[in-house]
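In what follows, a structure is listed as structure tokens, so that the remarks can point back to it.
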Amino acid sequence: MATYMDVHRGMTGITAEQLNEAHQADLAVEKDEGVHFERAWADPESGTVYCLSHGPSAEAVQRVHARTGHSADEIHEVSLTV
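Going by the working numbering, the first residue of the sequence shown is number 2, and it counts up by one from there.
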């Protein structure tokens, strides 16, 4: 299983409640794609949201996000961790 960091833009003003709702939506369908979303972060001022996940492919991660209505603008495989 690979690790991915994805980036969502255009979410200016997102609240903690909205971020949690989006994360919970991903968690509700993630198993269908063999993905697990670990955590999400947001900067409401810039409208940038980041999600950390593990899954079989970036495409699987994107399919989950697409199903829940918030496709990622970028998905990066994270191959090194310290």
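The beta-carbon is built from N, C-alpha and C at its ideal position, and this holds for glycine as well.
Under the 10 Å beta carbon count, HIS9 is surrounded by 16 or more other beta carbons and is classified as buried. Segment contact: the stretch 55 to 69 against the stretch 22 to 41, three or more CB-CB distances shorter than 8 Å; contact assigned. Within the stretch 48 to 80, the runs of beta strand (DSSP E) that reach at least 3 residues and sit entirely inside it are, in chain order, 49 to 56 and 75 to 78.
Between GLY14 and PRO45, the C-beta spacing is below 8 Å. Secondary structure of VAL83 (DSSP, three-state): coil.
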